[in-house]
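Inspection log for the structure reproduced underneath, given as structure tokens.
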Amino acid sequence: MTWKAIELEENNAEKLAQLIEEAEAIVIGIGAGMSAADGFTYIGERFTSNFKDFVEKYKFLDMLQASLFDFPSSQEYWAFQSRFVLLNYFDQPVGASYLALKNILKDKNYHIITTNADNAFDVAGYDMDKVFHIQGKYGLMQCSKHCHAKTYQDEALMRRLAVEQENMEVDYRSIPLCPECGAPLEVNKRNAEKGMVEDLIFFEHLDKYNEFLEKNRDKKTLFIEIGVGFTTPQFIKYPFYRELDKNPNALMITMNQKKYQFPERIASRVLWFNQNSKDLTLDVEELLKKWE
């Protein structure tokens with residue numbers, strides 16, 4: 000099979016819109032760059048204004064460094080994380096890019112995998128059966144000892160911890176504890192050394208994602224990376240490369256202002272679009288509306 004849109008002398012938005020229309024299946028990998036393009040960044044004013052006290056004490060450079068820091072106590076850990084969870088999950092507003100992408104994908108045969116742990120897909124009203132969060136979700140908690148495969152959510156507690164903390168500590172009596180072993184709970188996000196708790200819902204979503212890949216393996220499948228860097232290439236980037244190896248009919252688009260080198264064996268089937276991902280997504284949405 001050939002992709003007719005590749006040969007078109009069009010701009011990136013027109014070419015991408017044509018490829019989406021031409022595809023029989025679409026797999027989208029979403030990284031931190033997409034949320035950042037919508038203004039949900041981990042640097043600058045958004046970080047310093049919400050965590051001024053932690054920045055002054057620990058000289059953190061950005062929110063990612065701070066969120067991964069090994070705080071000296073659970074009281075301080077939850078003082079930071081309760082604010083972090085509200086900012087990046089429960090109170091994070093809908094992003095324009097996510098709304099546009101949802102409109103682009105309506106009536107399409109698609110599935111999404113994301114390394115983001117924010118609420119972007121939930122708040123934008125996606126079909127969450129088609130979204131796989133491989134790195135966890137900030138709104139969930141897990142046992143810090145990983146003693147059992149279950150996660151918990153308590154928005155009211157997060158709000159109370161964020162408001163009632165003093166001197167960058169929460170009351171020790173308010174620290175959420177594991178109902179099985181009594182250890183403190185922690186945010187459900189993957190740690191490079193010890194991983195994360197993967198519960199029943201995680202594996203259900205993993206199965207749905209893998210089933211979609213298998214079902215569409217011989218089809219004209221378009222793999223689209225949006226804002227995916229090289230921090231954790233093992234979750235989206237490398238698996239996409241392997242899918243192109245398995246399916247000679249597949250094509251990959253990478254939307255990133257930074258250019259990464261692609262394996263020679265698939266380089267002819269990878270297109271790099273380096274314009275702002277938010278602008279490109281909104282342009283594609285407008286084009287597809289005109290073509291309806």
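In terms of numbering that gives the first Met the number 0, the sequence shown has 154 at position 155, counting the first letter as 1, and numbering is strictly consecutive. Positions of the beta carbon are idealized from the N, C-alpha and C atoms, including for glycine.
Between the C-alpha atoms of F222 and G28 there is a straight-line separation of about 8 Å. CA-to-CA, the gap between Y237 and F89 works out to about 31 Å. The DSSP assignment places 220-225, 250-254 as complete runs of the beta strand (DSSP E) inside the region 190-256, in order along the chain (cut-off: 3 residues). Taken through DSSP and simplified to helix, strand or coil, G135 comes out as strand. Within a 10 Å sphere around the beta-carbon of Y109 sit 16 or more other beta-carbons, which makes this residue buried. Taking the CA atoms as reference points, K14 sits about 39 Å from T47. Between the region 136-146 and the region 177-189 there are three or more inter-stretch CB-CB distances shorter than 8 Å, so the stretches are counted as touching. In the displayed model, E165 falls within a strand according to three-state DSSP.
As a beta-bridge residue in DSSP terms, Q141 pairs with E185. Scanning its chain for C-beta atoms nearer than 7 Å, with the 5 sequence neighbours on each side dropped, one finds around K188 the residues A116, Q134, G135, Y137, M195, in chain order.
Setting aside the 5 residues that flank it on each side, G226 is surrounded in the same chain by I29, G30, A31, G32, M33, S34, A35, A36, M254, N255, S276, each with a C-beta closer than 8 Å to its C-beta; the list follows chain order. P183 is not a Cβ neighbour of S66, given a cutoff of 9 Å.
DSSP places A12 within a helical segment (H, G or I) once states are collapsed to three.
Under the DSSP assignment, I25 falls outside any alpha helix (DSSP H), being part of the beta strand (DSSP E) whose first and last residues are 24-29. Distances from the alpha-carbon of G94 to those of P71, W77, A119 put A119 closest. Per DSSP, the continuous alpha helix (DSSP H) segment holding T280 begins and ends at 276-290. Around P262, the same chain offers Y240 as residues with beta carbons nearer than 7 Å, after the five sequence neighbours per side are excluded. CA-CA distance, E242 to D170, rounds to 49 Å. A Cβ-Cβ distance of about 5 Å is found for the pair E21 and A4, placing them in contact under the 8 Å criterion. In the same chain as D153, and ignoring 5 residues on each side of it, the C-beta atoms closer than 8 Å to its own belong to M140, P175, in chain order. In this structure the region 266-276 lies against the region 245-253, because at least three pairs of beta carbons, one per stretch, are closer than 8 Å. The Cβ-Cβ distance between A99 and E284 falls below 9 Å. Counted as a single uninterrupted DSSP element, the beta strand (DSSP E) harbouring T113 occupies residues 109-113. Excluding its 5 nearest sequence neighbours in each direction, E163 has no C-beta neighbour in its own chain below 6 Å.
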